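Under this note's numbering, think of the first position of the sequence shown as 191, with each following residue one higher. The beta-carbon is built from N, C-alpha and C at its ideal position, and this holds for glycine as well. Note that the coordinates shown come from a computational prediction; the quantities given were computed from them, not determined experimentally.
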Amino acid sequence: KDEIKRFFRLATIFVQFAILSSGSILAQSVAELSRSPILGLHQGNQTSIQVKGKTTGTVRAVYHEVNDSQDTFSNWTRLSYANDLTANLALQGIKYNSSYEYQVEFEDGSHTEWFSFTTFPEQSQPGEFSFVFSACVRDKNAPHPVFQSIYDRSPTFVALLGDQMYADYDGDINSGPSASVLTGLRAKYDRNFDEYFQTMSSQTPVVAIWDDHDYGQDNADRTYGYKNETRKVFKETFPDYPFQVDDGGLYYQFAVADVDFFVLDTRWYRSPMQTSDVEGKTMLGEEQLLWLLTGLKESTAPFKMIFSSVSFNDYGGDTSSGRGGFDSWMGYKFERDNILTFIEENQIEGVLVFSGDQHYPSAHILNWETPLNSYSETDTSIVYSLSDMKSAVFDFSASPLHYTRASGHRLQDGNQENPLYSFEVFRKEWSNRALTSVYGLVEVDTKSDVKSVSVKFFELESDDSNMVELYRITVFRDNMTELSNQPSEIPLQYITAQNYPNPFSGATVIEYSLPEASDVELIVYDVLGQEVATLVRGFQDTGLQRVEWDGKSGEGSVVGSGIYFYRITAFSSRRSGKSYGVTKPMIFLK
Numbered sequence: 191k192d193e194i195k196r197f198f199r200l201a202t203i204f205v206q207f208a209i210l211s212s213g214s215i216l217a218q219s220v221a222e223l224s225r226s227p228i229l230g231l232h233q234g235n236q237t238s239i240q241v242k243g244k245t246t247g248t249v250r251a252v253y254h255e256v257n258d259s260q261d262t263f264s265n266w267t268r269l270s271y272a273n274d275l276t277a278n279l280a281l282q283g284i285k286y287n288s289s290y291e292y293q294v295e296f297e298d299g300s301h302t303e304w305f306s307f308t309t310f311p312e313q314s315q316p317g318e319f320s321f322v323f324s325a326c327v328r329d330k331n332a333p334h335p336v337f338q339s340i341y342d343r344s345p346t347f348v349a350l351l352g353d354q355m356y357a358d359y360d361g362d363i364n365s366g367p368s369a370s371v372l373t374g375l376r377a378k379y380d381r382n383f384d385e386y387f388q389t390m391s392s393q394t395p396v397v398a399i400w401d402d403h404d405y406g407q408d409n410a411d412r413t414y415g416y417k418n419e420t421r422k423v424f425k426e427t428f429p430d431y432p433f434q435v436d437d438g439g440l441y442y443q444f445a446v447a448d449v450d451f452f453v454l455d456t457r458w459y460r461s462p463m464q465t466s467d468v469e470g471k472t473m474l475g476e477e478q479l480l481w482l483l484t485g486l487k488e489s490t491a492p493f494k495m496i497f498s499s500v501s502f503n504d505y506g507g508d509t510s511s512g513r514g515g516f517d518s519w520m521g522y523k524f525e526r527d528n529i530l531t532f533i534e535e536n537q538i539e540g541v542l543v544f545s546g547d548q549h550y551p552s553a554h555i556l557n558w559e560t561p562l563n564s565y566s567e568t569d570t571s572i573v574y575s576l577s578d579m580k581s582a583v584f585d586f587s588a589s590p591l592h593y594t595r596a597s598g599h600r601l602q603d604g605n606q607e608n609p610l611y612s613f614e615v616f617r618k619e620w621s622n623r624a625l626t627s628v629y630g631l632v633e634v635d636t637k638s639d640v641k642s643v644s645v646k647f648f649e650l651e652s653d654d655s656n657m658v659e660l661y662r663i664t665v666f667r668d669n670m671t672e673l674s675n676q677p678s679e680i681p682l683q684y685i686t687a688q689n690y691p692n693p694f695s696g697a698t699v700i701e702y703s704l705p706e707a708s709d710v711e712l713i714v715y716d717v718l719g720q721e722v723a724t725l726v727r728g729f730q731d732t733g734l735q736r737v738e739w740d741g742k743s744g745e746g747s748v749v750g751s752g753i754y755f756y757r758i759t760a761f762s763s764r765r766s767g768k769s770y771g772v773t774k775p776m777i778f779l780k
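Okay, here's the thing in structure tokens:
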């Protein structure tokens, strides 16, 4: 009996200890996230983060501006199994062009580490920013170090343009029972969002849209049976975006500085791809199409950027799954041509489309007229002036983030002379289908007198160590800018010629004439608006002036190859406060 009592006494102590330990473990697990937060868009005075916990409970965000000890708090939000323990936390009172730190706090007072981020340039105002775009990252290829490369470039935001996971590959969610679909979708996102992704997404704003595989199935359309489930999991996974509708497709609009972005849903409303490409076949659906066209027409932005999961050009369409037609806009040309016609008829300029899906990088021009002339060109770069392009639409596509290569449909040489087809500027073609990583880096400057967009394509080197630049396309507006309050009082008597030679290596000559003695500044800037060299600063007499630039910075070092701008400002000696200014681009080849 004594031995039995002793056994039960020890067993009781063990159970009590286990209960206490379990309680301690549970208390600790509440203070953990399943993965790092995903940072969302900064619009107005608000940004958001999406968090995913390990157990039920309530959480909130604690945040402050860097070097400011005063914390601000979001509302407490509950984590529940109905939403896979996810919650969107809104950070209010966020300032533009500022740096913040945030952490997630749990109801027991514990919290995560601090994360940091930088906010967007002020909306509706000229500014400078950058973003990375790409698509297609398959979970079986994890880990994904490409996300570390993207993070290291410090873009203003990252645009993930579809296939952030493959619902129908490596364990097809469509082949099991309906009850397992939500679980399967969630697990695929969890597996794909590795440590590299989490480092990036917790500190760099993420813009996302789906394509066919994260919508649920290869080349899927509006008839797909599990689209409500995939929409639910998409909204659980990513931060709140300003969706135009609550119960339909995932399309939305946002702005960075004075540039407008239109994010399309190319899956929810689309007709089956094998349908004849005539009136009635749609990629966007009537409501989304009207929203896009209205937005483009009403936009006063110098650049209007469209995010489409599938490419806009004539060569990137998928024909898999044993069906006819094409999965990209190549198979929906009737609707695409209506969009292009609308842009042309309404004289909408500065439209650029960015996409993924096709598994190779490319650049094309649509809505073009002959002759289609570039401003300058080298083997690895090209520059276009929008003043020569009218209503031309640029199409840039970059993918895969981490998947095998493709080459697309063969270019027909005759199409390069036919404005009814996409004019091909650049395409990377491979001889094998090896695993690779590709993305585009877009640098936007609407703050300088010459507004510009530069798109650089990068690919993983063969030794899997570095991303190397493949090609660069720059689009700019070469507007003359008069600085006086009444510029007509000092008209075209001030004349500035284009530098010559241009492009140039070695040295170039800049000539300008002054109708009166003036204080003159002649400064060279790079595409980021940073001063490179001051060529003139002082008083000059009336007449023709001639200045030579040898391609060197103010410190005497030779600058890198690329596009530069020279800015001449002349201050009148006879009319106080009056001035004349003009900015012109030039190309230096090292």
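Assuming residue 717 contacts residue 633 under a Cβ cut-off of 8 Å, what Cβ separation, rounded to an integer in Å, is found between them?
Sequence index remark: in the sequence shown, residue 717 carries index 527 (1-based). Sequence index remark: in the sequence shown, residue 633 carries index 443 (1-based). Between residue 633 and residue 717 the Cβ distance is about 7 Å, and since that is below 8 Å, they are a contact.
Can you round the beta-carbon distance between residue 424 and residue 400 to whole angstroms, since I take them to be within the 8 Å contact cut?
Here residue 424 corresponds to residue number 234 of the sequence shown, with the count starting at 1. Here residue 400 corresponds to residue number 210 of the sequence shown, with the count starting at 1. The Cβ separation is near 6 Å, so the contact holds.
In chain order, what residues of the same chain have a beta carbon less than 8 Å from the beta carbon of residue 270, not counting five sequence neighbours either side?
Numbered from its first residue, the sequence shown carries residue 270 at position 80. Result list for residue 270: 246, in chain order.
Please say whether residue 702 and residue 723 have beta carbons closer to each other than 9 Å?
As a first step, residue 723 is located in the sequence shown; it is residue number 533 there, counting from the start. As a first step, residue 702 is located in the sequence shown; it is residue number 512 there, counting from the start. Cβ atoms of residue 723 and residue 702: not closer than 9 Å.
Can you tell me which of the three DSSP states residue 774 falls into?
Counted from its first residue, the sequence shown places residue 774 at position 584. In this structure, residue 774 counts as strand in the three-state DSSP scheme.
Whole angstroms is fine: what's the gap from residue 587's alpha carbon to residue 394's?
Here residue 587 refers to the residue found at position 397 when the sequence shown is read from its first residue. Here residue 394 refers to the residue found at position 204 when the sequence shown is read from its first residue. For residue 587 and residue 394, the distance between alpha carbons rounds to 21 Å.
Provide the residue(s) that pair with residue 529 in DSSP beta bridges, ordered along the chain.
Here residue 529 refers to the residue found at position 339 when the sequence shown is read from its first residue. According to DSSP, residue 529 bridges with nothing at all.
First and last residue of the uninterrupted alpha helix (DSSP H) at residue 378:
Reading the sequence shown from its first residue, position 188 is the one you call residue 378. Where residue 378 is concerned, the enclosing alpha helix (DSSP H) stretches over 371–382.
What is the C-beta distance between residue 593 and residue 549, in whole angstroms, given that I count them as a contact (C-beta under 8 Å)?
Along the sequence shown, one-based indexing puts residue 593 at 403. Along the sequence shown, one-based indexing puts residue 549 at 359. Correct: roughly 6 Å between the Cβ atoms.
Let's test the definition: count the other Cβ atoms within 10 Å of the Cβ of residue 369 and tell me whether it reaches 16, buried, or not, exposed.
Counting from one through the sequence shown, the residue named residue 369 turns up at place 179. Exposed, since its Cβ has fewer than 16 Cβ neighbours within 10 Å.
Buried or exposed: which applies to residue 480, given that a residue is buried once 16 or more other Cβ atoms fall within 10 Å of its Cβ?
Looking up residue 480 in the sequence shown gives position 290. Under this definition residue 480 is an exposed residue.
In the DSSP assignment, the alpha helix (DSSP H) including residue 782 goes from what residue to what residue?
Nothing can be reported for residue 782: it is not among the residues displayed for the chain, which extend from 191 to 780.
Shortest alpha-carbon distance to residue 645 belongs to which of 470, 628, 656, 283?
Position 455 of the sequence shown, counted from the start, is the residue given in the question as residue 645. Nearest of 470, 628, 656, 283 to residue 645, Cα basis: 628.
Helix, strand or coil, according to DSSP, for residue 388 in the structure here?
Position 198 of the sequence shown, counting from 1, holds the residue named residue 388. Looking at residue 388 - three-state DSSP - the assignment turns out to be helix.
Can you round the beta-carbon distance between residue 283 and residue 331 to whole angstroms, since I take them to be within the 8 Å contact cut?
For the purposes of this step, residue 283 is taken as residue 93 along the sequence shown, with counting starting at 1. For the purposes of this step, residue 331 is taken as residue 141 along the sequence shown, with counting starting at 1. At roughly 40 Å, the Cβ-Cβ gap does not stay under 8 Å, so residue 283 and residue 331 are not in contact.
Taking the Cβ atom as the reference point for each residue, do residue 357 and residue 378 lie within a distance shorter than 9 Å?
Here residue 357 corresponds to residue number 167 of the sequence shown, with the count starting at 1. Here residue 378 corresponds to residue number 188 of the sequence shown, with the count starting at 1. Cβ atoms of residue 357 and residue 378: closer than 9 Å.
Is residue 679 helix, strand or coil by DSSP?
Here the question's residue 679 lines up with position 489 in the sequence shown. Confidence in residue 679 is poor, its pLDDT being 34 and thus under 50, which makes the residue's placement unreliable; the coordinate value appears in the next sentence. Correct three-state label for residue 679: helix.
Within 8 Å, do at least three Cβ pairs link the region 313–323 to the region 246–256?
no
Along the alpha helix (DSSP H) that carries residue 339, what are the first and last residues, could you check?
Looking up residue 339 in the sequence shown gives position 149. Element bounds for residue 339: 336–342.
When burial is assigned at 16 or more other CB atoms within 10 Å of the CB, is residue 263 buried or exposed?
For the purposes of this step, residue 263 is taken as the residue at position 73 of the sequence shown. Residue 263 should be labelled exposed.
Just the C-alpha distance for residue 275 and residue 620, rounded to the nearest angstrom, thanks.
If you number the sequence shown from 1, residue 275 lands on position 85. If you number the sequence shown from 1, residue 620 lands on position 430. Taking the straight line joining both Cα atoms gives about 43 Å.
List the endpoints of the continuous alpha helix (DSSP H) containing residue 417.
Here the question's residue 417 lines up with position 227 in the sequence shown. Its alpha helix (DSSP H) spans residues 417–427.
So the beta strand (DSSP E) residue 554 belongs to, where does it begin and stop?
In the sequence shown, counting from the first residue as 1, residue 554 sits at position 364. Run containing residue 554: 552–556, per the beta strand (DSSP E) assignment.
Quick check on residue 780: buried or exposed, where buried means 16 or more other Cβ atoms within 10 Å of its Cβ?
Numbered from 1 along the sequence shown, position 590 holds the residue referred to as residue 780. Result: exposed.
State the Cα-Cα distance for the pair residue 756 and residue 735, rounded to the nearest angstrom.
Your numbering for residue 756 matches position 566 in the sequence shown. Your numbering for residue 735 matches position 545 in the sequence shown. Straight-line Cα distance between these residues: approximately 15 Å.
Could you round the C-beta distance between residue 412 and residue 460 to whole angstroms and report it? I think they count as a contact, below 8 Å.
As a working note, residue 412 is residue 222 in the sequence shown. As a working note, residue 460 is residue 270 in the sequence shown. The pair is a contact, with the Cβ atoms about 6 Å apart (cut-off 8 Å).
Could you tell me whether the region 568–575 touches the region 590–609, using the rule of 3 or more Cβ pairs below 8 Å?
Cβ pair count under 8 Å is below three, so no.
On a Cα-Cα basis, can you pick out the residue from 360, 428, 514 that is closest to residue 391?
Residue 391 sits at position 201 when you count from the first residue of the sequence shown. Comparing Cα-Cα distances from residue 391 to each of 360, 428, 514, the minimum goes to 428.
Classify residue 247 as helix, strand or coil using the three-state DSSP reduction.
Against the sequence shown, residue 247 aligns to sequence position 57. If DSSP states are grouped into helix, strand and coil, residue 247 belongs with the strands.
Residue 597 and residue 503 - do their beta-carbons sit closer together than 9 Å?
In the sequence shown, counting from the first residue as 1, residue 503 sits at position 313. In the sequence shown, counting from the first residue as 1, residue 597 sits at position 407. The answer is no: Cβ separation not under 9 Å.
Three-state secondary structure (DSSP) of residue 637
Taking the sequence shown and counting its residues from 1, one reaches residue 637 at position 447. It is coil, neither helix nor strand.
Give the DSSP-derived three-state secondary structure of residue 278 in the structure shown.
Stepping through the sequence shown from its first residue, residue 278 is reached at position 88. Residue 278 falls in the strand class under three-state DSSP.
So, under 8 Å CB-CB, residue 387 and residue 301 are touching, yes? Tell me the CB distance rounded to an integer number of Å.
The residue given as residue 387 occupies position 197 in the sequence shown. The residue given as residue 301 occupies position 111 in the sequence shown. Between residue 301 and residue 387 the Cβ distance is about 22 Å, and since that is not below 8 Å, they are no contact.
How close, in whole Å, do the beta carbons of residue 538 and residue 486 come, if the pair is a contact with beta carbons under 8 Å?
Sequence index remark: in the sequence shown, residue 538 carries index 348 (1-based). Sequence index remark: in the sequence shown, residue 486 carries index 296 (1-based). Their Cβ separation, rounded to whole angstroms, is 5 Å, which keeps residue 538 and residue 486 in contact under 8 Å.
Quick check on the DSSP output: the beta strand (DSSP E) that includes residue 754 runs from which residue to which?
Counted from its first residue, the sequence shown places residue 754 at position 564. Unbroken beta strand (DSSP E) run through residue 754: 752–762.
Given this structure, state the Cα-to-Cα distance separating residue 445 from residue 576, to the nearest angstrom.
Within the sequence shown, the letter at position 255 stands for residue 445. Within the sequence shown, the letter at position 386 stands for residue 576. For residue 445 and residue 576, the gap between their C-alpha atoms comes out near 21 Å.
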